[in-house]
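K.L.:
Sharing a structure here in structure tokens format.
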Amino acid sequence: MEALLKELGIKLPQAPCLWCDNMGAKYLTSNPVFHARTKHIEIDHHFMRERVTNKMLDVRFISTHGQVADGFTKTLSAKDLEKFRHNLNLSTLRLREAVR
Numbered sequence: 000m001e002a003l004l005k006e007l008g009i010k011l012p013q014a015p016c017l018w019c020d021n022m023g024a025k026y027l028t029s030n031p032v033f034h035a036r037t038k039h040i041e042i043d044h045h046f047m048r049e050r051v052t053n054k055m056l057d058v059r060f061i062s063t064h065g066q067v068a069d070g071f072t073k074t075l076s077a078k079d080l081e082k083f084r085h086n087l088n089l090s091t092l093r094l095r096e097a098v099r
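The letter at position 29 of the sequence shown is residue 28 when you use numbering that gives the first Met the number 0, and the numbering goes up by one with no holes.
This is the structure in structure tokens:
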């Protein structure tokens with residue numbers, strides 16, 4: 000996405016922020032000491048770590064309860080589903096119309 004924006008002549012005012020609900024993953028992106036302990040690591044981790052080191056990406060922690068993306072990837076209780084729908088500004092009526 001950054002490359003596309005740059006190609007269009009749009010500068011980002013600050014580094015993009017990636018919210019992560021896994022403290023271990025957050026530490027791996029910012030602390031090279033943890034990297035030494037991991038033998039088999041995917042290439043995308045090296046990419047992410049390099050971007051964090053160069054201040055091109057900001058990785059921040061968010062609790063699992065605040066992770067809105069979970070609504071797309073996990074089974075939710077009725078209460079959590081209602082909260083998820085509210086966060087997306089969806090009503091039951093709109094959902095029924097979209098299914099038709």
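Glycine is no exception: its CB is placed at the ideal position from the N, C-alpha and C atoms.
(1) Check whether the Cβ of M47 lies closer than 8 Å to any Cβ atom in chain D.
(2) How would you write the range of the alpha helix (DSSP H) that D57 sits in, first residue to last?
(3) For the alpha helix (DSSP H) containing L3, name the first residue and the last one.
(4) According to DSSP, is L17 part of a helix, a strand, or is it coil?
(5) Using a Cβ-Cβ cutoff of less than 6 Å, which residues in the same chain neighbour I61 once the five nearest sequence positions on both sides are dropped?
(6) Can you give the Cα-Cα distance for R59 and T52, rounded to whole angstroms?
(7) Given that a residue counts as buried once 16 or more other Cβ atoms are within 10 Å of its Cβ, and exposed if not, what is L89?
P.N.:
From the atom records:
(1) Looking at the structure shown, chain D is missing, and only one protein chain is on hand.
(2) Membership of D57 in any alpha helix (DSSP H) is not indicated; the residue belongs instead to the beta strand (DSSP E) covering D57 to F60.
(3) In the DSSP annotation of this structure, the continuous segment of the alpha helix (DSSP H) that includes L3 starts and ends at E1 to E6.
(4) It is a strand residue.
(5) Hits under 6 Å: W18 and D20.
(6) Looking at the two C-alpha atoms, the distance is approximately 14 Å.
(7) With fewer than 16 neighbouring CB atoms inside 10 Å of its own CB, L89 falls in the exposed class.
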